[in-house]
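Peer 1: Numbering (our numbering), first residue to last: 533 to 605.
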Amino acid sequence: MSFKNAKKQIENKKVKLDRFLKFSKPKDRKTGRNATPCRRCGKTEGIVNKYGLQYCRQCFREEAKKLGFKKYD
Ligand SMILES: [Zn+2]
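1) Taking the straight line between their C-alpha atoms, what separation do you get for residue 578 and residue 589?
2) Suppose contacts are defined by Cβ-Cβ distances below 8 Å. Is residue 569 in contact with residue 562 by that definition?
3) Could you check if residue 592 is buried or exposed, using at least 16 other CB atoms within 10 Å of its CB as the buried criterion?
4) Count the other C-beta atoms from every protein chain shown that fall within 10 angstroms of the C-beta of residue 664, then say buried if there are 16 or more, exposed otherwise.
5) In angstroms, rounded to a whole number, what distance separates the CA positions of residue 546 and residue 584?
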């Protein structure tokens, strides 16, 4: 379960939420995979960083045409 979903489940339980945020929050990273999430959906797997795109491969596939990429067979 992702951090976002876990947080959503206990949003109304204040004491639990405070403890959760204190101990289970992901670190703010400067390097590594989690430092560059997809700018569209926030995924951290399969990121295309070439040309400064910063899309995950799924979003890149959907957005590529709008961005001006052409597909040659
Ligand atoms: Zn994405």
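Every residue, glycine too, gets a C-beta built ideally from N, C-alpha and C.
Peer 2: Reading off the structure:
1) 5 Å
2) no
3) buried
4) What the structure shows of the chain is the stretch from 533 to 605, and residue 664 is not part of that stretch, so it cannot be assessed.
5) 40 Å
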